[in-house]
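Residue numbers (our numbering): 63 to 788.
Backbone N, C-alpha and C define an ideal beta-carbon position, used for all residues, glycine too.
Scroll down for the structure; my scribbles are underneath it.
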């Protein structure tokens, strides 16, 4: 048996004679103080007992607020215990941290992080990344394949009742973690001169290949090791410790029953490389949760330097002094409230550079508290009054407009023949009273169209789907031609995505995904639910209408085309029609139309939904949206792609998936594009993942503490708790 601690470089000589002088050792079952975290455990499970070891594992929901839950491939699950079946990956941010709260300051812990890649991302690209304890480098995790676990262990004495375990992206793949475990040790065991003790290597010379809990009281891992030229010693007799050597280590009896000795009176020599651990610095606690900022503030704010927090600048005055925050940038974060006196005093003394531009409701003056009870009330009353007047005026104007329009249209019809005008669609006919009833006296939208388009309209009047705008008929007389659609209260999608339109509410990420699913389902029905199939040919954001509940429906079927499939045709040849930017380039070049042309157009719409940008840039270079997104994707900057008006409020994994779907749809080769059935299924997966993440966030918010940060924390770091994000 060999026990070794590894921080400084040492040349260690061991002479083993372990077969005498030890007390009788037993196996313990107590899990007091154990923290066993199954990282990425599915949302419907909060805890469980592992069948083999009987260890109690809990979900990592309460320990981390970033990352994505993933499952390894099924073929790898049967080889390992349950905690290795799931994992949490971190595609966003340079560093992401677990905050372990239930630890005892000053207690020595064995910390173990476990990793099993299991090809969870279906890319067969095992990553490499760094592991940190707070600001200290713990080790580099090198994953070599999909099927083998990697375990990292370290001994650490936390100075506070919480600690951080962080994963840092080094540019060699997405960091992930399968399990994180803490085991309290006897403080007299494994003596070191530093709080961060280094890696613990436990080797058993012979016998079983692997021992852990419940054979070992502290759940240490014991591996078989039997180098050449060693003499093996073993016994089946009880091991007696007459001098109490094992009092602090509690080594399992199965381990102590085997030993090694050098051959021919030689020595046993072991060498380990030096550790790269630096001086630890206490982390700022609760800053991110207090401000509610969507920034990747993880771990220590200043250390390591390459992972210092966004918006902060730190002063590094030497190894003997902890870093100090000297600059804080909180621009454009929609903060409201009053800055604390202590923070302002620090700023006035030039000890902290503070920037709060773009926060109109944030008060940076001591006198704000006196005014702040009056001004908002006055502003609220005045604003409400003006709003009511504006709404009343708008309602009166709108009624007047409808009355005049209805009267004018009615007069035009009466000249043709009172109550006798007949509207035909090939199968049905409507008289004038029918039109008045269907259009609610012409208050519903009426879109002008050419009479030759009604050939396709006659087909669409027989099509019914919840995601297709209902075309109730058309009207024509000697002066007017028009289509009659159902009324859609929230207009078209393009108006809601336009950054220039400040009169509409910004669509949430969840709403955007639902709208995309609705539109995709409408197209899927045209392609696969109609006989013969129908190709829309003009799928664009302006042709996706939203009802009062923001349910999306495809509209404007004026240039739609049927696609006969009975003769085994793969396409139809037709004159190119559609809207620039959405038009399938393959169809444009060949005049060959099939359902994949609609898929391309939908892909461009999906990119619009994701980015909030136009499909063709208004700049001089006329950059196409799909080209711009592809360029940004190559840099791995998902945050730069998503509509900035969402202010980071989106599910990262769902965003990546949605972008991937869109890029597949706009492939230049139509055979590489998915079908609309596949698109619908994948978009639903994105939405479900977003709902699960939102539920987890809501659950975590309910359980989180609302306690403010003590103001004396400002003396070191210059951050306070008063402002809050709306």
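Straight-line gap, residue i to residue j (C-alpha atoms, nearest Å)
i, j, result
"residue 643", "residue 685", "10 Å"
"residue 680", "residue 172", "59 Å"
"residue 166", "residue 176", "22 Å"
"residue 376", "residue 416", "13 Å"
"residue 704", "residue 671", "9 Å"
"residue 555", "residue 526", "21 Å"
"residue 700", "residue 104", "25 Å"
"residue 622", "residue 715", "35 Å"
"residue 649", "residue 567", "36 Å"
"residue 646", "residue 390", "48 Å"
"residue 634", "residue 654", "6 Å"
"residue 109", "residue 96", "14 Å"
"residue 748", "residue 694", "21 Å"
"residue 754", "residue 217", "35 Å"
"residue 190", "residue 549", "55 Å"
"residue 146", "residue 756", "25 Å"
"residue 213", "residue 106", "27 Å"
"residue 249", "residue 124", "28 Å"
"residue 324", "residue 207", "36 Å"
"residue 284", "residue 205", "21 Å"
"residue 759", "residue 752", "10 Å"
"residue 180", "residue 225", "28 Å"
"residue 85", "residue 314", "Confidence at residue 85 is low in this model, with a pLDDT of 32, below 50, so its placement is unreliable and the value that follows should be read with caution. Their backbone Cα atoms lie some 11 Å apart in a straight line."
"residue 590", "residue 174", "53 Å"
"residue 560", "residue 154", "27 Å"
"residue 673", "residue 117", "46 Å"
"residue 237", "residue 718", "16 Å"
"residue 244", "residue 299", "33 Å"
8 Å contact criterion, which residue i and residue j should meet: CB distance rounded
i, j, result
"residue 297", "residue 319", "6 Å"
"residue 102", "residue 122", "7 Å"
"residue 596", "residue 636", "Going by Cβ atoms, the distance from residue 596 to residue 636 rounds to 13 Å, so no, they are not a contact pair."
"residue 665", "residue 599", "Rounded, the Cβ-Cβ distance is 15 Å, inconsistent with contact."
"residue 94", "residue 156", "Actually they are not in contact, since the Cβ atoms of residue 94 and residue 156 sit about 36 Å apart, beyond 8 Å."
"residue 126", "residue 100", "Wrong, their Cβ atoms sit about 12 Å apart, outside the cutoff."
"residue 746", "residue 579", "6 Å"
"residue 667", "residue 691", "About 13 Å separates the two Cβ atoms, so there is no contact after all."
"residue 552", "residue 609", "7 Å"
"residue 178", "residue 240", "5 Å"
"residue 242", "residue 227", "6 Å"
"residue 558", "residue 569", "5 Å"
"residue 711", "residue 571", "6 Å"
Endpoints, the beta strand (DSSP E) within which residue i is located
i, result
"residue 161", "157–162"
"residue 185", "Per DSSP, residue 185 belongs to no beta strand (DSSP E) and is neither H nor E."
"residue 604", "Segment: none, residue 604 is in no beta strand (DSSP E) and carries neither H nor E."
"residue 241", "241–246"
"residue 219", "Careful: residue 219 lies outside any beta strand (DSSP E) and carries neither H nor E."
"residue 391", "386–391"
"residue 111", "109–111"
"residue 694", "Careful: residue 694 lies outside any beta strand (DSSP E), inside the alpha helix (DSSP H) at 687–695."
"residue 557", "No beta strand (DSSP E) contains residue 557, which is instead part of the alpha helix (DSSP H) from 555–559."
"residue 150", "148–151"
"residue 100", "97–100"
"residue 32", "A query on residue 32 cannot be resolved here, the shown segment of the chain reaching from 63 to 788 and no further."
"residue 323", "320–324"
"residue 550", "It is not in any beta strand (DSSP E) - residue 550 carries neither H nor E in the DSSP assignment."
"residue 376", "374–377"
"residue 193", "190–195"
"residue 199", "198–204"
"residue 118", "118–121"
"residue 154", "Premise fails: residue 154 is in no beta strand (DSSP E) and is neither H nor E."
"residue 211", "It is not in any beta strand (DSSP E) - residue 211 carries neither H nor E in the DSSP assignment."
Residue i: first and last residue of the uninterrupted alpha helix (DSSP H) it sits in
i, result
"residue 173", "First-last for residue 173: 171–177, but that is the beta strand (DSSP E), not the alpha helix (DSSP H)."
"residue 647", "647–652"
"residue 664", "657–673"
"residue 723", "714–727"
"residue 138", "136–139"
"residue 572", "571–586"
**the region 192–202 touching the region 126–138, judged by at least three CB pairs closer than 8 Å** = The answer is no - the region 126–138 does not touch the region 192–202, with fewer than three Cβ pairs under 8 Å.
**Prompt:** Does the region 732–745 touch the region 653–670, meaning 3 or more C-beta pairs lie closer than 8 Å?
**Reply:** Yes, since at least three Cβ pairs between the region 653–670 and the region 732–745 fall closer than 8 Å, the two stretches touch.
**Item:** Any 3 or more C-beta pairs closer than 8 Å across the region 577–592 and the region 738–745
**Value:** With the cut-off at 8 Å, the region 577–592 and the region 738–745 touch.
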